[in-house]
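So in numbering that gives the first Met the number 0, spot 50 of the sequence shown is number 49, and the numbers just go up one at a time. First comes the structure, then the notes that go with it.
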Amino acid sequence: MKVLVEIRDDLMAAVLGLSSSSGSTADEVLNNLLAVALDQPEAEAVDLVHAVQVTLKAVEKVPFGDTFLVEDVIPNDLWHLMTTGDRKSFGKAFRKQVDLAGLAEWVSRNSGNKAVYRRSLK
Numbered sequence: 000m001k002v003l004v005e006i007r008d009d010l011m012a013a014v015l016g017l018s019s020s021s022g023s024t025a026d027e028v029l030n031n032l033l034a035v036a037l038d039q040p041e042a043e044a045v046d047l048v049h050a051v052q053v054t055l056k057a058v059e060k061v062p063f064g065d066t067f068l069v070e071d072v073i074p075n076d077l078w079h080l081m082t083t084g085d086r087k088s089f090g091k092a093f094r095k096q097v098d099l100a101g102l103a104e105w106v107s108r109n110s111g112n113k114a115v116y117r118r119s120l121k
């Protein structure tokens with residue numbers, strides 16, 4: 000998420016100093032400092048290939064002809080671990096793989112801009 004925030008000059012100088020000495024970007028330094036200050040765990044990386052495979056197995060259990068959303072078939076723990084970027088990448092990979100496997104076809108997008116699929120005969 001991009002946010003415009005006024006930061007004191009001395010604080011920004013310290014962030015830039017940390018950034019330079021650690022070989023990180025200012026964004027990475029600020030994100031790390033905020034995560035520590037707010038006691039937020041670092042986001043875990045999600046194995047998107049594994050997530051797609053697990054979700055494809057769940058699609059096999061959807062009755063033929065039924066429509067579904069990705070969030071209906073992906074395990075909740077995987078979905079909630081994903082960042083917005085992960086979800087976009089997952090969605091693209093899932094659409095390609097579900098089509099290649101012949102398990103479902105993309106139908107449309109709903110009012111929430113979520114992809115709607117229909118279970119196909121395999």
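Note that the Cβ used here is the ideal one computed from N, Cα and C, for glycine as well.
Using a Cβ distance threshold of 8 Å, determine whether the segment 49-58 contacts the segment 96-106, with at least three qualifying pairs required. A contact exists between the segment 49-58 and the segment 96-106.
Nearest candidate by alpha-carbon position, reference L47, set V115, N112, K87, V2: K87
Tell me the DSSP bridge mates of E104? R117
Tell whether a beta-carbon distance below 8 Å holds between Y116 and F63. no
Would you call A50 buried or exposed, if buried means 16 or more other Cβ atoms sit within 10 Å of its Cβ? buried
Helix, strand or coil, according to DSSP, for L77 in the structure here? helix
Per the DSSP calculation, F67 is bridged to which residue(s)? Y116
Per-residue DSSP class, three states only, for M11: helix
Within a Cβ cutoff of 6 Å, which residues of the same chain sit near A44, ignoring the five residues on either side of it in sequence? none
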